[in-house]
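In this note's numbering, the protein residues as written are 3 to 194.
Yeah, the Cβ is synthetic: ideal placement off N, Cα and C, and Gly gets one too.
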């Protein structure tokens, strides 16, 4: 996104916020972007949500999503993780590489086969290729419409591999070194 065409900066010490008429921007006196008086930059052009609304939104997000590291950690722990992982990609994609222990069920086959393969009392974590693919979202929707509890694994198979977790191919197990842009180089836990 090109931000070079933004309006010139002006003094906002006494300007009002269009989203909150009558309020001055006492917390951020100084420059504005000109498009919304009282706002210093594009990040705050739309004000942040109220804390209660933010808590509801982010709480809901965690109810719908799991990240790769948390899924891997739960699968590596002793005992039943309490969920099943579902790879919603094609057979060719599955053969190229998949999460060990995952169930393979392409999205198009979910309506006809999910109830024969999966237990509705066990939550399902779906994944597809990666952040640029919404196949896991479509699979999660199809499962939810059938009455399954479901979460989507953020990052998909791409981030499973990039974070250095073992995976299986049609030729056997494989593992790549963790990408330092996605996982800590010298620690097992990223701390987030």
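- Counting only residues of its own chain and dropping the five nearest sequence neighbours on each side, residue 74 has a CB closer than 6 Å to the CB of 167.
- Proximity of the stretch 58-69 to the stretch 109-122 falls short of the contact definition, fewer than three beta-carbon pairs being nearer than 8 Å.
- Straight through space, the alpha carbons of residue 105 and residue 91 are spaced by roughly 11 Å.
- Rounded to the nearest angstrom, the Cβ distance from residue 145 to residue 126 is 6 Å, consistent with a contact under 8 Å.
- Remark: C-beta atoms of residue 162 and residue 97 do not approach each other more closely than 8 Å.
- The straight-line gap separating the alpha-carbon atoms of residue 54 and residue 136 is approximately 29 Å.
- Nearest in C-alpha terms to residue 88, of all of 82, 116 and 165, is 116.
- DSSP lists 176 as the bridge partner or partners of residue 169.
- Between residue 157 and residue 86, the C-beta spacing is not below 8 Å.
- Taking all protein chains in view, the Cβ of residue 164 is crowded by 16 or more other Cβ atoms within 10 Å, so the residue is classified as buried.
- If you look at residue 143, you'll find it in the alpha helix (DSSP H) that goes 137-147.
- Residue range 93-98 is occupied by the alpha helix (DSSP H) that includes residue 93.
- The three-state secondary structure of residue 156, taken from DSSP, is strand.
- In the three-state scheme derived from DSSP, where H, G and I count as helix and E and B as strand, residue 69 is classed as strand.
- Our two residues, residue 95 and residue 148, have alpha carbons roughly 25 Å apart in a direct line.
- Taking the CA atoms as reference points, residue 133 sits about 23 Å from residue 56.
- Taking every protein chain shown into account, the CB of residue 109 has 16 or more other CB atoms within 10 angstroms, so this residue is buried.
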